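In what follows, a structure is listed as structure tokens, so that the remarks can point back to it.
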Ligand code: FES
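Protein chains in written order, with our numbering: chain V, 41 to 431; chain X, 46 to 218.
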């Protein structure tokens, strides 16, 4: 059976050229970038090239503003905890939203234990945070605002540029978790006006386990990992060079192919959305209608549960994610969906489709063809479903 | 993650549906993840003559419903009362640890249906709505419960003191 992979948010396949670059480096570059001999220098050159490629993708002014990390999670931890430690004398208050990724939420949970105060802002039904609410939450003790660029469950794009102006006016640092946006849509750190930005390679056809943190020059960020002098003393430890080469190549390709990729994925996504809305009653499309990642579709199917849906689609060779409580390790409802005002039962039936560069119209049409039957089978099994509700 | 038996019962569930003139109905909610199971029974000569279920829940909840209805069919009420969640999980060749609570749902729904039948026979009027609510609230509304062993744990505890399993906390206290 052919596999239709619609879970790119969980991880993308490697771009063939990324794979090529990584294999080439596995075979030829095995020195440590800190060594002064020729092999060390070759490694160092590969590292700095990747830094330039990532800097170019997000329009950073200087490649030294890019720090390589072990992925999006480390990048976020570094930004938040690094600023908290760096500015511990200045203040202890941090502002965020209720729909952040768990790396943000749990970094802040740790900081709360260390007597930092956190204000977590509500979002509207589309998942948008109000910049005015951010401004109102700022106190003289505020050191950092951390708000995501694009939400990883509903795709809503937050007004980061507006929030950046507020942060600047109030002399508060701004971090944005852009893991799900970088490499998918154009992201420009200068026009956004952020001080810190997190990104991860496996969202744009690079390898998992490697990411980066953009740190605007002069931003006081303490290292998360202490040790040697790597990464301009911002992140100790011998670099994951092969992964970083993959990230660099993925960044270069994303920049080149962005103009073609994004509209194509959006057209496929819209086709999927329209097809499902037309053929399945009682569904909810989550996220903002227009301010949304182009490759993502979050749909809640009423009266049924998402893990069952996901398993039945898997049986048809279709791989998607669910945001149901039953499928989450903790068995709790998605904090994002609940924050946008979805009731618990509806949130239970949520599937997350995320498209990628290998997907075709035929893939999307297959989903539109098989999903209505699956939904009906499960609804017929559900005590919540009453025939008359379907009209 | 699921055994072949679980997948078989999930994909081809036995005894799905409702019995409109049921002799006993058990409706329970899963206090851990919030899902729901209904079991309907027809009783003849003290035996479960027919049984059907409706479930709103995960793959394992559906497989549990299917399996427990198969196990209970034809049994005397006393025998059926003795079916435990452990029996169901074993018949399914095991469930993942964090899904054991779904098997509670099955045994509870079956036992509730039998009790409902006995209550009706004894002439008691039963308020199903209330019975369900009590079940949903069973391990307590506000606290934090280990999803694996269901004992109460401290809000910020990174692992359960009773069963040792790590607990991913996701609620926004
Ligand atoms: S019914 Fe929710 S986890 Fe099984």
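The beta-carbon is built from N, C-alpha and C at its ideal position, and this holds for glycine as well. No experiment lies behind these values; they were computed from the predicted model shown.
Contact test: residue i Cβ vs the ligand FES heavy atom, cutoff 7 Å
i             : result
residue 359/V : no
residue 111/X : no
residue 154/X : no
residue 165/V : no
residue 142/X : no
residue 91/X  : no
residue 105/X : yes
residue 137/X : no
residue 371/V : yes
residue 102/X : yes
residue 383/V : no
residue 192/V : no
residue 75/X  : yes
residue 220/V : no
residue 80/X  : yes
C-beta atoms of residue i and residue j nearer than 8 Å
i             : j             : result
residue 65/V  : residue 245/V : no
residue 108/V : residue 79/X  : no
residue 97/X  : residue 64/X  : yes
residue 112/X : residue 159/X : no
residue 122/V : residue 264/V : yes
residue 167/V : residue 125/V : no
residue 116/X : residue 102/X : no
residue 423/V : residue 83/X  : yes
residue 135/V : residue 182/V : yes
residue 86/V  : residue 69/V  : yes
residue 249/V : residue 111/V : yes
residue 363/V : residue 346/V : yes
residue 380/V : residue 194/V : yes
residue 120/V : residue 358/V : no
C-alpha gap between residue i and residue j, whole angstroms
i             : j             : result
residue 61/V  : residue 242/V : 15 Å
residue 308/V : residue 350/V : 20 Å
residue 73/X  : residue 122/X : 19 Å
residue 289/V : residue 361/V : 27 Å
residue 184/X : residue 91/X  : Note that residue 184/X has pLDDT 41, beneath the 50 cutoff, so the model's placement of it is unreliable and the number below is only indicative. Cα-Cα distance, rounded: 32 Å.
residue 356/V : residue 411/V : 10 Å
residue 388/V : residue 134/X : 23 Å
residue 50/X  : residue 162/V : 44 Å
residue 148/X : residue 272/V : 54 Å
residue 181/X : residue 150/X : The pLDDT assigned to residue 181/X is 49, lower than 50, so where the model puts this residue is not dependable, and the model offers no usable value.
residue 213/V : residue 354/V : 43 Å
residue 400/V : residue 239/V : 26 Å
residue 76/V  : residue 83/V  : 10 Å
residue 149/V : residue 163/X : 50 Å
residue 426/V : residue 130/X : 29 Å
residue 285/V : residue 415/V : 43 Å
residue 188/V : residue 49/V  : 15 Å
residue 201/V : residue 227/V : 11 Å
residue 55/X  : residue 143/V : 34 Å
residue 394/V : residue 225/V : 14 Å
residue 137/V : residue 78/V  : 48 Å
Per-residue DSSP class, three states only, for residue i
i             : result
residue 280/V : coil
residue 52/V  : coil
residue 183/V : strand
residue 420/V : helix
residue 185/X : Its pLDDT being 38, under 50, residue 185/X is placed unreliably in this model, and the value from its coordinates should be taken loosely. Looking at residue 185/X - three-state DSSP - the assignment turns out to be coil, as it is neither helix nor strand.
residue 91/X  : coil
residue 359/V : strand
residue 293/V : helix
residue 215/V : strand
residue 190/V : strand
residue 220/V : coil
residue 69/X  : strand
residue 46/V  : coil
residue 142/X : helix
residue 84/X  : strand
residue 113/V : helix
Neighbour flag for residue i against chain A, beta carbons, 8 Å
i             : result
residue 133/X : Checking the listed chains, one finds no chain A in this structure; the protein chains it contains are V and X.
Worksheet entry | Contact residues within the stretch 363–393 of chain V, judged by C-beta distance below 8 Å to chain X | 364, 365, 366, 367, 368, 369, 370, 371, 372, 373, 375, 384, 385, 388
Practice prompt. Could you name the residues of the stretch 66–85 of chain V whose beta carbon sits closer than 7 Å to any beta carbon of chain X, in the order they occur along the chain?
Written response: none
Worksheet item: Relative to chain V, which residues along the stretch 138–160 of chain X have a C-beta separation below 9 Å, given in chain order?
Response: 143, 144, 146, 147
Fill in: Contacting positions in the stretch 92–124 of chain X - beta carbon closer than 9 Å to chain V
98, 99, 100, 101, 102, 103, 104, 105, 106, 107, 110
Worksheet item: Going along the stretch 325–345 of chain V in order, which residues come within less than 9 Å of chain X, judged by CB to CB distance?
Response: 343, 344, 345
Discussion item. Short of 8 Å Cβ to Cβ, which residues in the stretch 65–86 of chain X face chain V?
Written reply: Hits within the stretch, in order: 72, 77, 78, 79, 80, 81, 82, 83.
Item to complete: Check distances from the C-beta atoms of the stretch 247–275 of chain V to those of chain X and list, in chain order, the residues that come in under 7 Å.
Response: none
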